[in-house]
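Trainee:
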Amino acid sequence: MSGPDVFRRLRGDERTVTLPVLILISSKEEHDLIDGYIFGRNSYAVRPVDFVEFAEAVTNVGLYWLAVNEPPTTRA
20 MSGPDVFRRL RGDERTVTLP VLILISSKEE HDLIDGYIFG RNSYAVRPVD
70 FVEFAEAVTN VGLYWLAVNE PPTTRA
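Offset between the sequence shown (1-based) and the numbering used here: plus 19.
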């Protein structure tokens with residue numbers, strides 16, 4: 020299943036329509052960023068190649084989603 024297929028399925032199911040989706044991707048191409056938002060990503064981050072930097076990025080993303088992000092209280 021392709022990435023866009025996964026997002027279509029997530030956004031097409033009322034149980035997962037508001038599920039936050041972050042993709043850590045290696046591409047820095049503008050078209051990949053745009054496609055990601057079109058297909059339903061909530062956030063986009065370039066995945067560091069270095070493992071230590073990757074682990075730090077994952078920690079920071081987790082802190083953001085848990086401490087800063089405001090999720091909807093009801094479904095769409």
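In this text, a Cβ means the ideal position worked out from N, Cα and C, and glycines have one as well.
Using a Cβ-Cβ cutoff of less than 8 Å, which residues in the same chain neighbour P39 once the five nearest sequence positions on both sides are dropped?
Mentor: Here the set comprises N61, S62, W84, N88, P90.
Trainee: What does S62 pair with, by DSSP beta-bridge criteria?
Mentor: L41
Trainee: Taking the alpha-carbon of G22 as reference, which of V65, I44, A86, E49 has the nearest alpha-carbon?
Mentor: I44
Trainee: Which word fits G55, buried or exposed, when buried means at least 16 other C-beta atoms lie within 10 angstroms of its C-beta?
Mentor: buried
Trainee: Label G59 either buried or exposed according to how many other C-beta atoms from any shown protein chain fall within 10 Å of its C-beta, with 16 as the threshold for buried.
Mentor: buried
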